[in-house]
Amino acid sequence: MDTGWLITAERSPAAARRHIAALVRRTQILAVSPGAVVEGLQRARDPRPIQVVLAKLWKEPSTYEDAVRAAELLRAAGRASGEPHWTVHEIGVVDGLVAAMAERLSGIVYTGDPRHMDMLRDAGAAITVAPVPF
Amino acid sequence: MATAGRAVKKSVTIEPSVLERLSRQRRANLSATVNESLRLLAALDAQRSLVEEWEAEHGAFTDEELRPFLETVLRAETDAELRQSSERAG
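Sequences listed follow chains S and Z, in order.
At position 123 of the first sequence the residue is numbered 123 (my numbering), and the sequence of numbers has no breaks.
At position 48 of the second sequence the residue is numbered 48 (my numbering), and the sequence of numbers has no breaks.
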């Protein structure tokens with residue numbers, strides 16, 4: 001999942017549990033990266049609901065290889081947009097790391113706001129962007 | 001996910017038909033295979049507990065409530081599988 005998922009989960013805790021219930025039925029594991037944890041807790045109006053969810057989720061470390069791949073994807077997304085500087089700042093490092101991490105896991109990114117992940121996918125990230133119905 | 005602590009030895013019984021369906025690499029390092037499987041099951045149990053704790057307090061989710069989420073998850077699975085097939089073929 002990306003930061004958008006966590007932010008949406010803070011606003012709609014019941015919907016977040018429904019999504020998790022659906023994932024459990026399909027034996028899918030929702031993984032969270034360190035960067036998404038930082039952004040989610042930083043941006044939350046109240047971090048406590050997010051902390052409750054995070055305590056039970058799979059924590060997937062970001063690796064050096066993820067960082068290199070994230071940089072490639074962010075640069076590619078910048079080139080594709082025609083406005084590289086704007087795009088790199090708009091999408092952000094954490095989104096790039098989430099996409100890189102997803103590439104080496106199932107490839108699915110559940111998101112509360114698909115715009116950035118769509119741009120990374122269109123720039124070559126081997127990911128499936130799945131907006132959640134929150 | 002990082003692991004910590006000393007490993008413990010446990011004796012387990014495995015159905016031969018399950019072993020046969022594993023790849024050679026999986027069978028060659030059965031401890032690693034068992035550890036990975038148990039980590040995934042523990043992760044699923046932890047996710048399930050989030051749902052169960054919520055339902056204990058607020059009532060069980062209905063099929064109607066879960067439908068759009070199941071559709072999202074199934075669609076994502078299908079799209080990911082199609083994308084990976086296409087990448088393998090290309």
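From the three backbone atoms N, C-alpha and C, an ideal C-beta is built for every residue, glycine too.
For S:W58, at least one C-beta of chain Z is nearer than 8 Å to its own C-beta. Z:L50 sits close to S:V53, with the two beta carbons spaced by under 8 Å.
Spanning the alpha carbons of S:P114 and Z:S11 requires a straight line of approximately 47 Å. Check the Cα spacing between Z:V34 and each of Z:L44, Z:D45, Z:I14: the tightest is with Z:I14. Residues of the segment 104-120 of chain S whose Cβ lies closer than 8 Å to any Cβ of chain Z, in chain order: S106, G107, I108, Y110. Nearest Cα to Z:D79 within the set S:T63, S:A31, S:T128: S:T128. Approximately 6 Å separates the beta-carbon atoms of S:L73 and S:A123; this is inside 8 Å, confirming the contact. Secondary structure of Z:P68 (DSSP, three-state): helix. One finds nothing in chain S with a Cβ atom closer than 7 Å to the Cβ of Z:S37; even the nearest lies about 12 Å away. Exposure of Z:S85 is indicated by the presence of fewer than 16 other C-beta atoms within 10 angstroms of its C-beta. Residue state for S:T8 is assigned as helix, using DSSP reduced to three classes. When secondary structure is reduced to three states using DSSP, Z:T33 falls in the helix class. Contact between S:A9 and S:A16 holds: their C-beta atoms lie close to 4 Å from each other, under 8 Å. Excluding sequence positions up to five before and after S:R69, its CB lies within less than 6 Å of the CB of A100, all in the same chain and listed in chain order.
Distances from the CA of S:D66 to each of S:V38, S:R48, S:A102, S:R43 were compared; the closest alpha carbon is that of S:A102. Nearest CB-CB separation between S:V38 and chain Z: not below the 8 Å threshold.
Residue state for S:P49 is assigned as helix, using DSSP reduced to three classes.
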